[in-house]
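Take the sequence shown: its letters are residues 2 to 203, numbered as in the numbering used here. Note that the Cβ used here is the ideal one computed from N, Cα and C, for glycine as well. Worksheet: one structure, shown below.
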Amino acid sequence: MLGTVKGLQQTLLQQCDLRVENEKLKSTVSDLKRQSDRTVEEREAEIQRLVAEMRAVGERHQKELESLREQCRREVEGTHRETQSKLEAKDAELKEALERKESDMAEMRRRMRDQERERQSEILKLQMEFGAKLARVQSTTQRIQQQPQGSGLLPQNIFKRKFQFLQEEKSREVEALRQRIKELEKQHASGFSDSRLKRKKI
2 MLGTVKGLQQ TLLQQCDLRV ENEKLKSTVS DLKRQSDRTV EEREAEIQRL
52 VAEMRAVGER HQKELESLRE QCRREVEGTH RETQSKLEAK DAELKEALER
102 KESDMAEMRR RMRDQERERQ SEILKLQMEF GAKLARVQST TQRIQQQPQG
152 SGLLPQNIFK RKFQFLQEEK SREVEALRQR IKELEKQHAS GFSDSRLKRK
202 KI
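Structural data, given as structure tokens:
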């Protein structure tokens with residue numbers, strides 16, 4: 002009987018110990034569950050924070066990219082306008098230079114025509130002078146040749162010397178006039194050649 006009571010007491014004590022240990026385990030499991038829930042919440046919050054941060058970074062990068070594109074577009078447009086302006090200025094400059102060249106060529110042609118008229122006038126004048134002097138010399142020669150031969154030796158010698166002098170003077174004047182005409186013709190040919198060369202260069 003006594004042994005049975007002791008056995009029951011032992012069993013009760015063991016059950017009490019098991020109950021206490023079970024309560025401790027329940028408490029531990031509850032603590033672990035709460036800790037696990039907090040950890041899950043913290044991780045979810047961290048994930049949300051990272052997602053928000055990544056979204057913000059993406060938006061910032063997108064804005065920077067759009068700003069860079071806009072800046073590049075403005076620079077390209079500015080460069081295009083500047084290039085177009087320079088081309089228009091150069092075109093205007095070339096047109097002005099061409100107009101000046103055409104004006105200079107017109108002035109050159111006018112001067113050449115004036116010089117040609119002056120040369121022709123000078124040549125005509127020299128030819129007329131040459132003809133007049135030649136006519137005077139021929140007239141004087143004829144008068145000398147038509148004079149009587151029996152006037153004496155001295156007058157004949159005088160007339161002969163005078164005739165010779167007139168012949169020499171005539172020859173000198175004729176040669177001088179011919180030389181002058183050649184010079185004018187040479188200047189005319191040289192001016193014409195220079196004009197053609199200048200027009201080719203232009």
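Query	Result
Tell me which residues share the same chain as S68 and place their Cβ nearer than 8 Å to its Cβ, disregarding the 5 neighbours each side in the sequence.	none
State the CB to CB distance for the pair K134 and E174, rounded to an integer number of angstroms; the pair is presumed to be in contact (CB under 8 Å).	6 Å
Under 8 Å, with one C-beta from each stretch per pair, do the segment 177-192 and the segment 111-131 reach the 3-pair mark?	yes
Can you check which of these residues, K171, D105, R114, is closest to A136 by C-alpha distance?	K171
Would you grab the beta carbon distance between L167 and V138 for me? Rounded to a whole angstrom, and I think it's under 8 Å.	6 Å
Distance, Cα to Cα, E47 vs E71?	36 Å
Just how far apart, CA to CA, sit T84 and R74?	15 Å
Measure the alpha-carbon distance for K187 versus M113 and round it to whole angstroms.	15 Å
Output the residue ranges of the alpha helix (DSSP H) runs that lie fully inside the segment 36-71 and measure 4 residues or longer, sorted by chain position.	none
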